[in-house]
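I have placed the structure first, in the form of structure tokens, so that the comments after it can refer back to it.
Residue numbers (the numbering used here): 2 to 405.
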């Protein structure tokens, strides 16, 4: 397949107008379908409020995770570790909730959706809810979706994922160790079972990647090549590489399994205390992982959004720049064939003025357009900052509002 077609011509102002029109129409339709109490329930839900992360707007199809991994931080975020139950919203309620989110845009050019950040979306108790929400995306929204999982997934579930209509899904299969998984991930399926899940997904044509996160210093250095080779044999399209986040409680758990946490603690920029999560600097370890991935023949990606964009290109032959704007930072893998920087939607000052008038009801006095950055000077005391998120998503550039 020749990847010559770009979607840049329907990005920017066109994408913004289409997404806002679709959002309005869907809200109107769902408000006819849902009773008022169900609308209130959805408007009060976290999906209606939280901002998207670089990987996308996080979607919870269950509450908690049953796998009890020692490095897990969902307790620090207020979710139960060691147990899970399906999320309370129905498919229609969930769709209404994210449409109520002021930072969300529907459509291919819209907000990416990330299933599995604080839950296990393909665990037996939660798979039904995950498929229900994905059907909603396919029927109504059209956003690009990503699932992350450690589950051993049945042939039937894999086939259901492969048969989804109107939605592009890619799956990140987490395996971070072959030798220490029993101590580190006591209730999770074995690495062999997870690689089998990856193999099944690829056999059915579902884009799937090794998810090598978190990279734990002092634990995985000697396993990287084996992990990459196993993923390659299972058919992985690439590997998403990410670092470790720790709290005082997570460090304590890692110590109990016998890990020399001094290697981690000496890297921390500040002292760990309470539930506060701190990213462990691991640039050298990530660099080593990237080099090994290249040697093995796996596409190394530094950001989860890149797997979504790369998958979309391979499935459709069309290039779409990452909604996470990773290409504006050091997170973008320079050899990625999507080449986000070369396929940005065209933009001019009139487009920016019209977009901001649409979003704010005000036209800026002055516009400065740089490569990935747009500065708009606006006469106003304050503005709703969600506007920047909507603009960034549609135009794939960072908007900075300067008020005067």
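Beta carbons are placed, not taken as given, at the ideal position from N, Cα and C, and that holds for glycine. Please read these numbers as outputs of a predicted model, since none were measured by experiment.
- Within the stretch 276 to 310, the complete alpha helix (DSSP H) segments at least 4 residues long are 284 to 297, listed from N- to C-terminus.
- DSSP places residue 171 in the strand class (E or B) of the three-state scheme.
- Taken through DSSP and simplified to helix, strand or coil, residue 234 comes out as helix.
- Take the alpha-carbon of residue 390 and the one of residue 310: they are about 19 Å apart.
- Taken through DSSP and simplified to helix, strand or coil, residue 341 comes out as helix.
- Between residue 201 and residue 299, the CB-CB gap reaches or exceeds 7 Å.
- With distances taken between CA atoms, residue 109 lies nearest to 314 out of 30, 333, 219, 314.
- Residues 341, 344, 345, 397 of the same chain have their beta carbon placed closer than 6 Å to that of residue 322, with the five preceding and five following residues left out of the count.
- Burial of residue 142 is indicated by the presence of at least 16 other C-beta atoms within 10 angstroms of its C-beta.
- The C-alpha of residue 99 lies about 42 Å from the C-alpha of residue 223.
- With fewer than 16 other Cβ atoms from the protein chains shown falling within 10 Å of its own Cβ, residue 183 counts as exposed.
- The beta carbons of residue 131 and residue 116 sit about 6 Å from each other, so the pair counts as a contact at 8 Å.
- Assigned with DSSP and collapsed to three states, residue 129 falls in helix.
- DSSP places residue 378 inside the beta strand (DSSP E), whose first and last residues are 374 to 379.
- Between the stretch 153 to 170 and the stretch 35 to 50 there are fewer than three C-beta pairs closer than 8 Å, too few to call the two in contact.
- Taking the CA atoms as reference points, residue 361 sits about 50 Å from residue 219.
- Shown here, residue 80 sits in coil according to DSSP, grouped into three states, outside any helix or strand.
- Taken in chain order, the complete beta strand (DSSP E) segments of 3 or more residues contained in the stretch 50 to 114 are 58 to 60, 63 to 66, 84 to 87.
- In chain order, 71 place their CB closer than 6 Å to the CB of residue 254, counting only its own chain and leaving out the 5 sequence neighbours on each side.
- With respect to residue 241, residue 212 sits close: the two C-beta atoms are nearer than 7 Å.
- Remark: C-beta atoms of residue 77 and residue 276 approach each other more closely than 7 Å.
- Put simply, the stretch 347 to 362 does not touch the stretch 331 to 338. Fewer than three CB pairs are less than 8 Å apart.
- Assignment of residue 45 by DSSP, reduced to helix, strand and coil, places it in the coil class.
- For residue 21 against residue 58, the beta-carbon gap comes to about 17 Å, at or over 8 Å, which does not count as contact.
- Taking every protein chain shown into account, the CB of residue 79 has fewer than 16 other CB atoms within 10 angstroms, so this residue is exposed.
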